[in-house]
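Quick notes on the structure that follows.
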Ligand code: APR
């Protein structure tokens with residue numbers, strides 16, 4: 355099953371897949387980082403649809419169309435801000451990945467690309483985040499053949515290294 359998980363370097367706004375995931379904030383009204391990049395590439399209609407969603411809780415996810423993006427859908431999920439690990443951050447991050455995959459399945463998405471949720475502005479430690487992400491994705495794909503492929507799209511080399519290491523460690527355990 356781990357062959358259905360890929361780690362690539364790239365810009366998630368350019369990926370021609372069924373769904374890309376946006377590391378959003380609870381307002382769903384855009385921001386910096388990957389959120390800003392996705393809104394810029396999708397165009398103003400994305401924000402208009404997001405306004406109708408009335409925000410989203412941390413760890414949950416909501417889906418919109420992709421508009422000018424090559425991706426059909428955008429799945430928005432607010433990741434947890436890292437406060438040292440004592441406020442359930444790890445469980446919330448796991449919930450982000452699971453919520454996005456559940457929405458992808460429910461909307462007939464067979465390919466889904468993720469950014470490294472919470473490891474930018476939200477300061478979630480990359481080593482922990484990559485293990486959580488790969489673990490949740492692998493666990494979900496093992497039970498859900500309808501998801502053909504999930505990719506982590508890494509925006510810099512350090513992120514890519516951590517996700518590749520996390521996937522390699524998982525494959526050893528499988
Ligand atoms: N493609 C893929 N990954 C990207 C892109 C892109 N075009 N742009 C940035 N990234 C990467 C960052 O390098 C980081 O590895 O996305 C990861 C997540 O970083 P952030 O975008 O800062 O997201 P996060 O840490 O979850 O913080 C979310 O930032 O932009 C605001 O509105 C957003 O308030 C929310 C907060």
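In the working numbering, the protein residues as written are 355 to 528.
Built from N, CA and C at the ideal position, the CB exists for glycine as well.
(request) Check whether the region 405-419 touches the region 362-371, taking contact to mean three or more Cβ pairs, one atom from each stretch, closer than 8 Å. (result) The region 405-419 is not in contact with the region 362-371.
(message) Run the Cβ filter for me: residues under 6 Å from any heavy atom of the ligand APR, listed in the order they occur in the chain.
(response) What you get when you keep residues with a C-beta closer than 6 Å to any heavy atom of the ligand APR is 365, 366, 367, 377, 378, 379, 385, 386, 387, 388, 389, 390, 391, 433, 469, 470, 471, 472, 473, 474, 475, 476, 507, 509, 510, 513.
(message) Do residue 491 and residue 359 count as a contact pair if the criterion is CB distance below 7 Å?
(response) With respect to residue 491, residue 359 sits close: the two C-beta atoms are nearer than 7 Å.
(message) Ignoring anything shorter than 4 residues, give me the alpha helix (DSSP H) runs that lie fully in the region 455-518, in order along the chain.
(response) Look at the region 455-518 and you find these whole runs of alpha helix (DSSP H), each 4 residues long or longer: 480-497.
(request) Inspect the CB distances between the region 464-478 and the region 424-442 and report whether three or more fall short of 8 Å. (result) Remark: three or more beta-carbon pairs, one from each stretch, lie closer than 8 Å, so the region 464-478 and the region 424-442 are flagged as touching.
(message) residue 484 and residue 520 - do their beta-carbons sit closer together than 7 Å?
(response) Note that the C-beta distance between residue 520 and residue 484 is below 7 Å.
(message) Determine whether the beta carbon atoms of residue 528 and residue 488 lie at a separation below 7 Å.
(response) Judged by their CB atoms, residue 528 and residue 488 are not nearer to each other than the 7 Å cut-off.
(message) Measuring alpha carbon to alpha carbon, tell me which residue in 481, 470, 513 is nearest residue 388.
(response) Of 481, 470, 513, the residue nearest in Cα terms is 470.
(request) Report the option in 464, 472, 461 whose CA atom is closest to the CA atom of residue 379. (result) Nearest Cα to residue 379 within the set 464, 472, 461: 472.
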